[in-house]
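See structure below.
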Amino acid sequence: KQEVTQIPAALSVPEGENLVLNCSFTDSAIYNLQWFRQDPGKGLTSLLLIQSSQREQTSGRLNASLDKSSGRSTLYIAASQPGDSATYLCAVSGANNLFFGTGTRLTVIP
Amino acid sequence: KAGVTQTPRYLIKTRGQQVTLSCSPISGHRSVSWYQQTPGQGLQFLFEYFSETQRNKGNFPGRFSGRQFSNSRSEMNVSTLELGDSALYLCASSPVGTSSYNEQFFGPGTRLTVL
């Protein structure tokens, strides 16, 4: 069964810092990997989708990379802002459904 | 384009009751998936519907069921509620084909509390 791990579980950084969130998965036979953001008590907002054939995707201050062979993905956030404070979840797509990590709770301190 | 909508947003029930949650996907999306999110277990896949047929199912007891209508709207039903069913229930829609290949778009969720 696919296991998805996110490290660290929580992270606090001062505003303006660049930061990296990590996601690892045990089964490299994935179709795609998606990064989401979740605000407290809310649904998930899709940030980036990387197809299995791709190595990275960029959207604004966000950059996600994928190394399928090593079972790793990173989400890079440049010049963090207080509005980036949220829980970030990665999810890998197998044949039948999405497998989610437990998330990294990010706090950006003004 | 309107996003995924879920109703109701909040629900309080007592043990033993049953509940029905509703999800309207983004217009044109034919696949709807349901997930349960709890602090202890995180996000877990319940089932996926495509063209009114359940295509995939997660590891949940038979008390959890669902259906999809011809307009792609989906409902999820939980019978004989237990305290452990308290969770945020999220639905997600994706455009076409196997949800595994396509980006999933999530609704705001329904917060179910079982007393």
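Residue numbers (this note's numbering), protein chains in the order written: chain A, 16 to 125; chain B, -10 to 104. Ideal Cβ positions, reconstructed from N, Cα and C, are used throughout, including at glycine.
Asked: Looking at the secondary structure, which residues open and close the beta strand (DSSP E) in which D82 of chain A lies?; Found: L77 to D82
Asked: Are the stretch 30 to 42 of chain A and the stretch 84 to 98 of chain A touching by the rule of at least three beta carbon pairs closer than 8 Å?; Found: yes
Asked: Alpha carbon to alpha carbon, how far is Q7 of chain B from S68 of chain B?; Found: 4 Å
Asked: Hey, K132 of chain A and S67 of chain A: beta-carbon distance below 7 Å or not?; Found: There is no way to answer for residue 132 of chain A, as the model of chain A reaches only from 16 to 125.
Asked: With a threshold of 16 other CB atoms inside 10 Å of the CB of L72 of chain B, please say whether the residue is buried or exposed.; Found: exposed
Asked: So, does the CB of K57 of chain A fall closer than 7 Å to a CB anywhere in chain B?; Found: yes
Asked: Does the contact criterion of 3 or more C-beta pairs under 8 Å hold for the stretch 60 to 78 of chain A versus the stretch -9 to 4 of chain B?; Found: no
Asked: Name, please, each residue of chain B whose Cβ falls closer than 8 Å to the Cβ of T117 of chain A.; Found: G31
Asked: Please compile the residues from chain A whose C-beta is within a distance smaller than 8 Å of the C-beta of G96 of chain B.; Found: G58
Asked: Within the chosen definition, does the stretch 34 to 51 of chain B reach the stretch 17 to 26 of chain B through at least 3 CB pairs nearer than 8 Å?; Found: yes
Asked: From which residue to which residue does the beta strand (DSSP E) around Q33 of chain B run?; Found: G31 to F39
Asked: Run the CB neighbour count on N47 of chain A, radius 10 Å, all protein chains shown included, and call it buried at 16 or more, exposed below.; Found: buried
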